[in-house]
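Remarks on the structure that follows.
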Ligand code: SF4
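Numbering (the numbering used here), first residue to last: 376 to 560.
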């Protein structure tokens with residue numbers, strides 16, 4: 376597992392604007408019916424990572440405006456609760472993710488946005504402006520590396536007990552971590 380210094384990893388240097396997958400209408404990547412976007416590239420390299428194929432920034436296929444239109448159309452369905460960002464590392468792909476989340480905020484303001492990240496909440500607070508801007512558009516953040524020594528398959532939406540499900544707007548307002556209100560374990 377790698378631990379970056381603050382602002383060491385930069386999306387503009389690393390991201391190639393590619394994604395591994397897009398899955399519309401799933402029930403597993405957060406609360407409710409969701410559309411999930413899996414971006415390419417992650418440098419954390421956690422032991423036991425569930426998706427090593429996503430580590431390369433050149434893996435997968437290019438993110439396109441046609442796909443963005445499809446995502447917007449899928450999200451607009453009344454039974455869809457929101458978008459989930461996974462990876463790979465969404466915060467090292469801000470060039471494609473930021474325009475998408477801004478569009479969702481403008482055009483589909485009732486939809487929520489979840490994101491997984493290998494960064495901890497405390498690390499993100501010291502990160503580059505693009506990552507901080509993305510954080511402001513996220514509703515729920517599942518933070519931190521996957522730690523095999525803390526593996527627990529019973530946990531809701533995460534693989535190891537160091538990871539947290541954070542209510543981002545409440546946490547930013549309170550200047551401290553407030554966990555998701557529907558957390559079960
Ligand atoms: S942060 Fe996530 S995608 Fe990246 S190596 Fe760790 S488990 Fe895998």
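Cβ coordinates follow ideal geometry from the N, Cα and C atoms, glycine included.
Tell me the DSSP secondary structure of residue i in three-state form.
i: residue 376; result: coil
i: residue 552; result: coil
i: residue 511; result: helix
i: residue 395; result: strand
i: residue 526; result: strand
i: residue 499; result: helix
i: residue 418; result: coil
i: residue 558; result: coil
Taking only the alpha-carbon atoms, compute the straight-line gap between residue i and residue j and give it to the nearest angstrom.
i: residue 539; j: residue 493; result: 11 angstroms
i: residue 507; j: residue 425; result: 26 angstroms
i: residue 490; j: residue 397; result: 14 angstroms
i: residue 486; j: residue 458; result: 7 angstroms
i: residue 453; j: residue 439; result: 24 angstroms
i: residue 499; j: residue 558; result: 22 angstroms
i: residue 414; j: residue 444; result: 17 angstroms
i: residue 380; j: residue 520; result: 15 angstroms
i: residue 560; j: residue 390; result: 34 angstroms
i: residue 580; j: residue 385; result: This structure cannot speak to residue 580, because the chain is shown only from 376 to 560.
i: residue 585; j: residue 446; result: As shown, the chain starts at 376 and ends at 560. That puts residue 585 outside it, with no answer to give.
i: residue 456; j: residue 503; result: 29 angstroms
i: residue 420; j: residue 430; result: 7 angstroms
i: residue 377; j: residue 418; result: 7 angstroms
i: residue 483; j: residue 449; result: 11 angstroms
Which residues mark the beginning and the end of the alpha helix (DSSP H) in which residue i is found?
i: residue 449; result: 440-450
i: residue 428; result: Element bounds for residue 428: n/a, residue is neither H nor E.
i: residue 386; result: 386-389
i: residue 403; result: Run containing residue 403: none; DSSP gives neither H nor E here.
i: residue 473; result: 469-482
How far does the beta strand (DSSP E) with residue i in it reach, from first residue to last?
i: residue 414; result: 408-414
i: residue 541; result: 539-542
i: residue 461; result: 455-461
i: residue 533; result: Per DSSP, residue 533 belongs to no beta strand (DSSP E) and is neither H nor E.
i: residue 487; result: 487-491
If contact is defined by three or more beta carbon pairs under 8 angstroms, each pair taking one atom from either stretch, is the segment 467-484 in contact with the segment 508-518? yes
Should the segment 542-555 be regarded as contacting the segment 425-434, the criterion being three or more beta carbon pairs within less than 8 angstroms? no
How do the segment 459-475 and the segment 523-530 stand: do at least 3 beta-carbon pairs fall below 8 angstroms, yes or no? no
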